[in-house]
Amino acid sequence: MDLIPANPLNRLNFSGGPGVLPESVLQQVQEAIIAVPGVGLSILGISHRSDWFAAVVAELEANILSLMGLDTNYRVLFLQGGATQQFSMLPMSLLAGAERPADYLHTGYWSGKALPEARRVGPVRVAWSGESCGFAQLPGDAELDLQPDAPYLHYVSNETVEGLQFHRVLGGDRVPRICDMSSDFLSAPGDFKRFSLIYAHAQKNIGPAGVTVVVHRKDLFAAAPDNLPGFLDYRAQGAAHSILNTPPVFAIYVVLLISRWLRDEIGGLAAMDRINRRKAELLYGALDDSDGFYHGRAASGDRSLMNVAFNLPTPALEHEFVSAALAAGFSGLAGHRSIGGIRASLYNGLQLPAVEQLAGFMADFSAAHR
Ligand SMILES: *Cc1c(COP(=O)(O)O)cnc(C)c1O
Numbered sequence: 144m145d146l147i148p149a150n151p152l153n154r155l156n157f158s159g160g161p162g163v164l165p166e167s168v169l170q171q172v173q174e175a176i177i178a179v180p181g182v183g184l185s186i187l188g189i190s191h192r193s194d195w196f197a198a199v200v201a202e203l204e205a206n207i208l209s210l211m212g213l214d215t216n217y218r219v220l221f222l223q224g225g226a227t228q229q230f231s232m233l234p235m236s237l238l239a240g241a242e243r244p245a246d247y248l249h250t251g252y253w254s255g256k257a258l259p260e261a262r263r264v265g266p267v268r269v270a271w272s273g274e275s276c277g278f279a280q281l282p283g284d285a286e287l288d289l290q291p292d293a294p295y296l297h298y299v300s301n302e303t304v305e306g307l308q309f310h311r312v313l314g315g316d317r318v319p320r321i322c323d324m325s326s327d328f329l330s331a332p333g334d335f336k337r338f339s340l341i342y343a344h345a346q347k348n349i350g351p352a353g354v355t356v357v358v359h360r361k362d363l364f365a366a367a368p369d370n371l372p373g374f375l376d377y378r379a380q381g382a383a384h385s386i387l388n389t390p391p392v393f394a395i396y397v398v399l400l401i402s403r404w405l406r407d408e409i410g411g412l413a414a415m416d417r418i419n420r421r422k423a424e425l426l427y428g429a430l431d432d433s434d435g436f437y438h439g440r441a442a443s444g445d446r447s448l449m450n451v452a453f454n455l456p457t458p459a460l461e462h463e464f465v466s467a468a469l470a471a472g473f474s475g476l477a478g479h480r481s482i483g484g485i486r487a488s489l490y491n492g493l494q495l496p497a498v499e500q501l502a503g504f505m506a507d508f509s510a511a512h513r
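Note that the numbering used here has the sequence shown beginning at 144, numbered continuously upward.
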């Protein structure tokens with residue numbers, strides 16, 4: 144089959160999400176839109192009740208557990224409603240009717256979105272808030288006011304908007320640890336066994352919008368209420384292997400291709416991490432070597448390897464930076480609408496040469512405008 148050549152602009156896509164996907168995967172997706180190899184049908188028209196799709200789900204469940212180093216004490220689900228639905232679905236199972244509050248960290252934009260949703264369902268305590276420091280840094284362990292008997296601890300591993308990332312696992316091992324990893328999922332190895340539940344939508348690091356991966360300990364929902372809507376009950380979704388109703392077949396298939404790419408082309412999460420670190424070092428180096436022209440938002444110890452958020456001396460210069468970058472082929476560099484500034488997202492699918500090019504562009508821009 145003749146494939147359209149890769150689009151060079153994709154290589155310079157620094158979008159915060161949906162994020163850039165690897166070209167080799169896009170080529171396979173393009174082929175699958177017409178006919179999935181070995182099946183002959185378009186991926187957009189294959190029944191979710193087919194044996195083929197059951198095998199896709201089974202392979203992807205296994206690939207994710209294997210990449211994360213988890214055993215079959217964990218279940219993998221492919222759900223809809225984005226990470227936002229998890230903000231509600233989780234407390235509906237673990238917090239409804241609770242006497243003690245769950246501990247939530249408020250470290251930035253996205254953890255702030257999870258809070259009011261949990262409060263609608265049950266009691267919540269904010270165990271640390273970065274509001275007074277303008278979400279420019281994350282807490283040290285001694286600053287966390289965690290309760291030993293909380294129903295669970297919820298935090299966001301990588302604050303996508305502010306560019307803040309925890310480089311350690313938080314909390315004690317007696318309280319179930321729940322983490323929104325939407326923007327750094329499968330970007331690096333981790334001690335994932337210490338988490339009771341991890342959720343991540345696909346569209347930042349591992350696929351297109353439309354599917355959210357949930358990885359949870361099988362015993363986590365033993366005491367969940369019996370009157371949940373079936374669609375919002377993790378146990379029902381698990382028993383159906385994520386095919387309770389029509390799932391997003393296309394999005395799940397793309398995540399499968401990404402999981403194979405991570406394993407076979409990249410060589411696993413440790414290899415992915417080495418690449419991601421080189422990208423981040425290069426870009427933070429461009430900030431640090433600019434004599435203050437580019438000012439990073441995040442405290443240096445909390446810098447995200449995925450989202451590099453920074454400011455220029457004035458908003459007018461930031462505006463000019465984004466336009467000039469666009470004219471030079473770079474896209475997705477405007478900061479999140481809630482805080483402005485510039486944000487370069489360095490998700491798994493973005494390659495090192497793109498970051499080298501951006502660093503070069505930044506050096507030229509600062510030399511011309513300082
Ligand atoms: C983007 C993002 C979300 C929002 O996800 P939706 O799929 O749009 O609901 C939630 N959490 C984090 C950490 C994010 O980066």
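Built from N, CA and C at the ideal position, the CB exists for glycine as well.
If you're wondering where the values come from, they're calculated on a predicted model, not measured in any experiment.
Distance CB(residue i)-CB(residue j) smaller than 9 Å
i	j	result
THR250	PHE278	yes
ARG317	PHE338	no
ALA245	PRO294	yes
LEU517	VAL299	Lying before the first or after the last residue shown, residue 517 is absent from the chain, which here runs from 144 to 513.
ALA379	GLY428	no
VAL357	LEU222	yes
ARG446	GLY306	yes
GLY353	PHE328	no
ALA178	LEU184	yes
PHE335	GLY212	yes
GLU202	VAL219	no
HIS512	LEU430	no
GLY330	MET415	Correcting the residue type first, residue 330 is Ser in the shown sequence and not Gly. Contact flag set, yes.
HIS359	LEU340	yes
GLN308	MET449	yes
VAL199	TYR377	no
PHE196	ILE401	no
GLU408	SER209	no
ALA452	ILE418	no
ALA506	SER443	no
HIS191	THR457	no
LEU155	GLN500	yes
TYR490	GLY283	no
GLY159	HIS479	yes
TRP253	ASP323	yes
Residue burial classification, residue i (beta-carbon count within 10 angstroms, cutoff 16)
i	result
ASN216	exposed
GLY281	According to the sequence provided, residue 281 is Leu. The question's Gly does not apply to it. With 16 or more other Cβ atoms within 10 Å, it is buried.
CYS276	exposed
LYS422	buried
LEU152	exposed
ALA510	exposed
ASP133	Past the edges of the chain, shown from 144 to 513, lies residue 133, and the structure says nothing about it.
ALA497	buried
GLY373	exposed
ARG263	exposed
ALA285	exposed
PRO368	exposed
Neighbourhood of residue i by C-beta, 7 Å cutoff - its chain only, sequence neighbours within 5 removed
i	result
LEU375	MET232, MET235
ALA270	ASP246, TYR247, LEU248, LEU287, ASP288, LEU289
GLY225	HIS344, THR355
LEU187	ILE176, PHE393
PHE504	ALA468, ALA471, PHE473
GLY314	LEU289, LEU296, ARG320
PRO351	PRO161, ALA345, ALA394, VAL397
GLN171	LEU400
GLY381	ARG218, LEU220
Cβ-based neighbour list, residue i, same chain, cut-off 8 Å, excluding 5 preceding and 5 following
i	result
PHE554	It is not possible to answer for residue 554, since the shown part of the chain is limited to 144 through 513.
HIS384	ALA197, VAL200, ALA201, GLU204
GLU274	HIS249
PRO180	GLU174
Sequence-distant residues of the same chain with beta carbon closer than 6 Å to residue i, five excluded per side
i	result
GLY265	PRO234, LEU238, ALA239, ALA241
LEU164	GLY492
SER325	ALA226, ALA343, HIS344, LYS347
VAL267	PRO244, ALA245, TYR247, ALA261
ASN206	SER402
ALA149	GLU166
ASN301	GLN308, SER326, ASP327, SER447, MET449
PHE157	GLY475, LEU476, ALA487, SER488
Residue i beta carbon near ligand 3 (any heavy atom closer than 8 Å)
i	result
GLU499	By its list of ligands, the structure shown excludes ligand 3, since it contains just ligand 1.
Interface flag, residue i vs chain D, CB-CB below 9 Å
i	result
SER275	Among the chains in the structure shown there is no chain D, since it carries only a single protein chain.
Of all residues in the structure, which have a C-beta closer than 6 Å to any heavy atom of ligand 1, taken in chain order? GLY160, GLY225, ALA226, THR227, TRP253, VAL299, THR303, ASP323, SER325, SER326, HIS344, LYS347
4-residue-minimum alpha helix (DSSP H) runs that sit fully inside the segment 167-241, ordered along the chain: 194-211, 225-237
Going along the chain, which unbroken runs of the alpha helix (DSSP H) with 4 or more residues stay wholly within the segment 439-490? 458-470
Within the segment 387-433, note down every full alpha helix (DSSP H) run reaching 4 residues or more, in order along the chain. 392-403, 412-431
Contained beta strand (DSSP E) runs [length at least 3] in the segment 287-374, N- to C-terminal order: 296-299, 320-323, 340-344, 355-360
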